[in-house]
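*Asks:*
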DNA sequence: TTAAAAATTTAGGTTAGTCTAAATATTGTT
DNA sequence: AACAATATTTAGACTAACCTAAATTTTTAA
Ligand SMILES: [Mn+2]
Ligand SMILES: [Mn+2]
Ligand SMILES: [Mn+2]
Ligand SMILES: [Mn+2]
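Chains as they are written, first to last, in my numbering: chain A, 4 to 223; chain B, 4 to 223.
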């Protein structure tokens, strides 16, 4: 059995592996986890010992099959609990991440699949992230970052890459919920800010900074 | 914030305080928790330091107001999660205790009350134990142990004082679910075993050992 | 191609929670 | 009241997960 701490390391390594390919650096783990690099090195040795990562000194790490499976199982739990908290308990989407950080470590093996059934086998969490099925398979999204769209194009807001409470609350305030139809009207030359048309009737201007975290699906 | 370990000590001290009155002995905590007495002593010093227990060396411990409140909050969570697991996820009553042992330590303050609302403010858990309300108040049961009833009397099975899977499965097999109407017909002189009439039509004999764990409410 | 900068690991320490063995206090029994 | 039995605490050690400071390796860039 893995400790909470080990599970958190695996999750972090998984997420970092998704972004850049090639091995994950000690320092990047250190930065995400808020631990010192020396502490990370200690843990990497332990995870390698347990067969969860491939680790070559000074060369960074990657997850083994077993490590990846473990990480995905945790992410599955995290996202299912987030759905539960929003759909069943009525939490807002900006309130659930930290609670799910705790719940994702509950070990009981039967629990996950029963929760999945209870929730009706959801495919995405409240932030638009895909929920892996019980075999660990992700349904991968064809997301385009809003800033990569061309003026004149329309898409559906389908995910966010920044999960902080302050950002999610900002989106809600602007009426930018998942499922919103957004037309990119213009990108301002001066500061890169974006002029949007929301649901065909409301216009809104947002910063490039905010737009970088909005993940869109083309309509079709 | 208290650690998982501290919370488990508080819960154990609470339960032991309920049984016998007067201070709780180091050895009894040691026995329940499966730790050595020396380890218990270390923890008692720490809990006293934090103002959660009254501790006089060699004289045993009792919970302070703060300690009792903390313990009750954990028990509330434990029992609410047990209800959730049985009512919503379809677990059997003998499967939920260990899972609730994990879930009871989830810290998120809003979660408990939302769960309580979602479940419809249940007053008892799947084993018949009362669930304290959000002010920490228990609705105390007027339970009588089955072995204390007189032959000829009838009551409703309303709780169990032994929560092990093997015992709960045995009860289920015998058709002894919570809510069952039981008439005590006769106590055998030879071995103290009890002859019962269940739901007015089915007769059943159970050992004194088993009967000691069955908590009854008189009909009225 | 080499020296400086950056990344990573090693060495040595700390704290929480556990242990065993030994010391001490309390309780029970003649 | 005194001694034996029992309960409890103290002393000293261990592991997991962290830390700082120093050493080492890799990378960058003159
Ligand atoms: Mn999350
Ligand atoms: Mn999410
Ligand atoms: Mn229980
Ligand atoms: Mn229970």
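We put the CB at the ideal spot given by N, CA and C, even for glycine.
(1) Closer than 9 Å, Cβ to Cβ, to anything on chain A: give me those residues from the stretch 97-130 of chain B, in chain order.
(2) So what's residue 64(A) in DSSP terms, helix, strand or just coil?
(3) Check distances from the C-beta atoms of the stretch 77-88 of chain A to those of chain B and list, in chain order, the residues that come in under 9 Å.
(4) Could you tell me which residues DSSP pairs with residue 186(A) in its beta bridges?
(5) So residue 37(B) contacts chain A; which residues on that side make the cut at Cβ distance below 9 Å?
(6) Between residue 93(B) and residue 117(A), how many whole angstroms is the CB-CB distance? I'm expecting something under 8 Å.
(7) Spell out whether any CB of chain B is found under 8 Å from the CB atom of residue 92(A).
(8) Can you name the start and end residues of the beta strand (DSSP E) that residue 218(B) belongs to?
(9) Apart from the five residues on each side of it in sequence, which residues of its chain come closer than 8 Å, Cβ to Cβ, to residue 2(B)?
(10) Provide the residue span of the alpha helix (DSSP H) that contains residue 172(B), from first to last.
(11) Which first and last residues belong to the beta strand (DSSP E) in which residue 109(A) is found?
(12) Just verifying my parser: in three-state terms, what is the DSSP assignment at residue 77(B)?
(13) If you pair each beta-carbon of the stretch 64-83 of chain A with each one of the stretch 99-115 of chain A, do three or more pairs fall below 8 Å?
(14) Which residues in the same chain have their Cβ closer than 7 Å to the Cβ of residue 64(A), if we skip the five residues on either side of it in sequence?
(15) Given a cut-off of 8 Å on the beta-carbon distance, is the pair residue 102(A) and residue 88(A) in contact?
(16) Pick from 40(B), 72(B), 44(B) and 54(B): whose alpha carbon is nearest that of residue 18(B)?
(17) For residue 130(B), which of helix, strand or coil comes out of DSSP?
(18) What's the C-alpha gap between residue 2(A) and residue 140(B)?
(19) Rounding to the nearest angstrom, what Cα-Cα distance links residue 205(B) and residue 184(B) in this structure?
(20) Exposed or buried, what is residue 12(B) when buried is set at 16 or more other beta-carbons lying within 10 Å of its beta-carbon?
(21) Please report the residue range of the beta strand (DSSP E) in which residue 207(B) lies.
(22) Locate the alpha helix (DSSP H) running through residue 38(B), then write down its first and last residues.
(23) Give me the pocket residues for ligand 1, defined as CB within less than 6 Å of any heavy atom, sorted by chain position.
(24) Taking only the alpha-carbon atoms, compute the straight-line gap between residue 215(B) and residue 150(B) and give it to the nearest angstrom.
(25) Around the C-beta of residue 194(B), are 16 or more other C-beta atoms found within 10 angstroms, so that it is buried, or is it exposed?
(26) Where does the unbroken beta strand (DSSP E) through residue 5(B) begin, and where does it stop?
(27) Can you tell me where the beta strand (DSSP E) holding residue 57(B) begins and where it ends?
(28) Taking 8 Å as the threshold (C-beta atoms), are residue 218(B) and residue 148(B) in contact?
(29) Throw me the rounded Cβ distance for the residue 179(A) and residue 160(A) pair, which I believe falls under 8 Å.
(30) To the nearest angstrom, report how far apart residue 158(B) and residue 111(B) are at their CA atoms.
(31) How about residue 130(A): is its Cβ closer than 7 Å to a heavy atom in ligand 2?
(32) When you compare the CB positions of residue 230(A) and residue 207(A), do they come within less than 8 Å of one another, or not?
(33) Looking at residue 166(A): is its Cβ nearer than 8 Å to the Cβ of residue 130(A)?
(34) What is the rounded straight-line gap between the Cα of residue 210(A) and the Cα of residue 192(A)?
*Replies:* Working from what's here:
(1) 98, 101, 102, 105, 106, 108, 109, 110, 111, 113, 114, 117, 118, 120 and 121
(2) strand
(3) For the stretch 77-88 of chain A, which is checked against every Cβ of chain B, the residues closer than 9 Å are 88.
(4) Bridge partners of residue 186(A): 157(A) and 200(A).
(5) Residues of chain A with a Cβ closer than 9 Å to the Cβ of residue 37(B) do not exist, since the nearest Cβ in that chain sits about 17 Å away.
(6) 6 Å
(7) yes
(8) 217-221
(9) This structure leaves residue 2(B) out entirely; chain B is present only between 4 and 223.
(10) 168-176
(11) Run containing residue 109(A): none; DSSP gives neither H nor E here.
(12) DSSP places residue 77(B) in helix when its eight states are reduced to three.
(13) Verdict: yes, contact present.
(14) Taken in chain order, the residues that qualify are 16, 26, 27, 47, 56, 57 and 58.
(15) yes
(16) 72(B)
(17) coil
(18) Beyond the ends of chain A as shown, which are 4 and 223, falls residue 2(A); an answer cannot be given.
(19) Roughly 11 Å separates the two Cα atoms.
(20) Here residue 12(B) is buried: its Cβ has 16 or more other Cβ atoms, across all protein chains shown, within 10 Å.
(21) 205-209
(22) It is not in any alpha helix (DSSP H) - residue 38(B) carries neither H nor E in the DSSP assignment.
(23) Going along the chain, the residues that qualify are 81(A), 85(A), 100(A), 103(A) and 166(A).
(24) 6 Å
(25) Exposed.
(26) First-last for residue 5(B): undefined, no H or E at that position.
(27) 56-58
(28) For residue 148(B) and residue 218(B), yes; Cβs fall inside 8 Å.
(29) 6 Å
(30) Cα-Cα distance, rounded: 40 Å.
(31) yes
(32) Because residue 230(A) is not part of the residues shown, which for chain A are 4 to 223, the question remains open.
(33) Closer than 8 Å, so yes.
(34) 12 Å
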